[in-house]
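The opening position of the sequence shown corresponds to residue 1 in the working numbering, with each subsequent residue numbered one higher. Okay, so here's the structure we're looking at.
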Amino acid sequence: MGGITSGQMKLGSFPDGEIAVEIQEDVREKRVFVLQTIAGDPNRYLCELLIIIDALKRASASSIVVIVPYLGYCRQDRKDRPGVPITAKLVANLLTVAGATRLVTFDLHADQVEGFFEIPVDHLHCQTLLAKTAKELMQNNCVVVAPDLGSIRIAEEMAGLMNGDIAVMKKRRLSSSEVEMTLIGDVAGRPVLLADDICSTGGTLVAAAELCRKLGAKRIIVAISHGLFVGDCLSRIESSPIERLLVANSLPQQAASTKLRQLSLAPQLAELIHSLIR
Ligand code: R5P
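Printed below as a string of structure tokens:
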């Protein structure tokens, strides 16, 4: 963004592994934007973010806008069985207590997570960006498939943008990387756009694509917001019926695949930042 330079900060570790942060700018009474990922090494990066926010608060920044394009730990957003935490709420508390005054993020795992925060949240979406490229690749009569019930909001939005129909899969998890699917809807003879928020191990998308192919789908394109691509995820996708994998660049991506196409969220983010500093 024109006229704005990035601030200087020293980031390192103490000999015992604790994170060491030093803000090397005068931020007194200034609005500060912190852009941080907490994907890849979520425990370290989340801790790093909290410590950076604390340092900025103690250096008297007037506001601290935290931009985390993919907010991790949000898949645990309710107590669905005894003995489990609600990490999405915990992360919201931690960020707020540390001193964040606003959060900017893309496609939270569930919309209601926004309500876990007592600070304003700019909850942006990747679907317009993804649909624009999907439209260039697919004809009009596509079926947008939600690979699980939690993805219906995203699939509905995509179907609206693509002028397509919608179908939904019922997913039963067999293990952390294996799932069983049943389709509610019809994909026979139609191009399919599978739409989800996260791809982690790829188990969900690969199982959904295989079922669509079995049920007669013509071609299968995938559009996702956050590509975690854990372990052998991309090679599983490479040998699956998925023809193309569109992903927003909400986190740093080292992984490569001939099927992968990354789309930039930068213009959307820049527009939002601009509206906040006007
Ligand atoms: C689940 O609720 C999410 O929307 C994704 O479907 C899930 O995180 C994908 O995980 P995996 O790629 O490991 O199947």
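We treat Cβ as the ideally placed atom computed from N, Cα and C, and that holds for glycine.
Exercise. Between which two residues does the beta strand (DSSP E) carrying T96 extend?
Worked result: Not the beta strand (DSSP E): T96 falls in the alpha helix (DSSP H), residues 87-98.
Exercise. I think M169 touches V145, with their Cβ atoms under 8 Å apart; what is that distance to the nearest whole Å?
Worked result: The pair is a contact, with the Cβ atoms about 6 Å apart (cut-off 8 Å).
For this session: Please look up how many angstroms separate the CB atoms of Q24 and Q36, rounded, as I've assumed it's under 8 Å.
Result: Not quite, the Cβ-Cβ distance comes to about 17 Å (not below 8 Å), so this is no contact.
For this session: Find out if the Cβ-Cβ distance for the pair L90, L50 is shorter than 7 Å.
Result: L50 is positioned such that its CB atom lies no closer than 7 Å to that of L90.
Problem set entry | Cβ neighbour criterion (16 or more within 10 Å) applied to D26 | D26 should be labelled exposed.
For this session: Taking R213 and P241 to be in contact with their CB atoms under 8 Å, please state how far apart those CB atoms are, rounded to whole angstroms.
Result: P241 and R213 do touch by the CB rule: their CB atoms are close to 4 Å apart, below 8 Å.
Exercise. Measuring CA to CA, which of I224, R278, Q262, A217 is closest to Q127?
Worked result: Each of I224, R278, Q262, A217 was checked against the Cα of Q127, and the nearest Cα belongs to I224.
For this session: Please determine, among T258, L251, L260, the residue with the shortest C-alpha to C-alpha distance to A266.
Result: Residue L251 is the option with its Cα nearest to A266.
Problem set entry | Cα-Cα separation, S235 to V104 | Taken atom to atom, the span from the alpha-carbon of S235 to that of V104 is near 32 Å.
For this session: Give, in chain order, every unbroken run of the alpha helix (DSSP H) that is at least 4 residues long and sits entirely within the stretch 206-259.
Result: As far as the stretch 206-259 is concerned, its whole alpha helix (DSSP H) runs of at least 4 residues are 233-238.
For this session: Report the rounded CA-to-CA distance for A256 versus R244, giving the unit in angstroms.
Result: If I take the Cα positions, the gap works out to 13 Å.
For this session: Using the Cα positions of L71 and S177, report the straight-line distance between them to the nearest angstrom.
Result: Taking the Cα positions, L71 is about 21 Å away from S177.
Exercise. D196: buried (16+ other C-beta within 10 angstroms of its C-beta) or exposed?
Worked result: By the Cβ-count criterion, D196 is buried, with 16 or more other Cβ atoms from all chains shown falling within 10 Å of its own Cβ.
Problem set entry | Residue-chain proximity (G164, chain D), Cβ-Cβ < 7 Å | In summary, chain D is missing from the structure at hand, where a single protein chain is found.
Exercise. Do you know whose CA, among P69, G17, D77, lies nearest G150's CA?
Worked result: Taking only the C-alpha atoms, the option nearest G150 is D77.
Exercise. Under a Cβ-count criterion, where at least 16 other Cβ atoms within 10 Å of its own Cβ denotes burial, should V84 be classed as buried or exposed?
Worked result: Exposed.
Problem set entry | K171 burial status per 10 Å Cβ neighbour count (16 or more: buried) | The residue in question, K171, is buried, as its Cβ has 16 or more Cβ neighbours within 10 Å.
For this session: Taking G160 as the reference, give the member of D148, R219, V143 with the closest Cα.
Result: Of the listed residues, the one whose Cα sits closest to G160 is V143.
Exercise. Do you know offhand how far C233's Cα is from T204's?
Worked result: When only Cα atoms are considered, C233 and T204 end up about 10 Å apart.
For this session: Please list, in chain order, all residues of the same chain as L46 whose beta carbon is under 8 Å from its beta carbon, the five residues on each side excluded.
Result: Around L46: I38, G72, Y73, V91, L94.
Exercise. Based on Cα-Cα distance, which residue from I86, K218, H226, T101 lies nearest to G202?
Worked result: Comparing Cα positions, the closest option is H226.
For this session: Please go through the stretch 61-146 and give each complete beta strand (DSSP E) segment of 3 or more residues, from N-terminal end onward.
Result: DSSP runs (the beta strand (DSSP E)) wholly in the stretch 61-146: 63-67, 102-106, 121-124, 143-146.
For this session: Give a single yes or no on whether D196 has its beta carbon closer than 6 Å to a heavy atom of ligand 1.
Result: Checking every heavy atom of ligand 1 against the Cβ of D196, one is found closer than 6 Å.
Problem set entry | DSSP state of R153 mapped onto helix, strand, coil | DSSP places R153 in helix when its eight states are reduced to three.
For this session: Kindly indicate which residue of D148, V113, V21, L56 has the alpha-carbon position closest to the one of A209.
Result: Of the listed residues, the one whose Cα sits closest to A209 is D148.
For this session: Would you please state the rounded distance, in angstroms, between the beta carbons of L108 and H123? I believe it to be under 8 Å.
Result: With 8 Å as the limit, L108 and H123 qualify as a contact, their Cβ atoms being about 6 Å apart.
Problem set entry | Closest by C-alpha distance to I237, when choosing among D165, I4, T258 | Closest option to I237, Cα to Cα, is T258.
Exercise. Which residue or residues does DSSP assign as beta-bridge partners of V168?
Worked result: Within the DSSP bridge table, the entry for V168 names A146, I184 as partners.
Exercise. How big is the Cα-Cα spacing for A167 and R58?
Worked result: Going by the C-alpha atoms only, they are around 51 Å apart.
Exercise. In chain order, what residues of the same chain lie with their CB nearer than 7 Å to the CB of I64, ignoring the 5 residues before and after it?
Worked result: If we look at I64 and ignore the five residues flanking it on each side, its Cβ neighbours are V32, V34, I53, L56, K57, G99, A100, T101.
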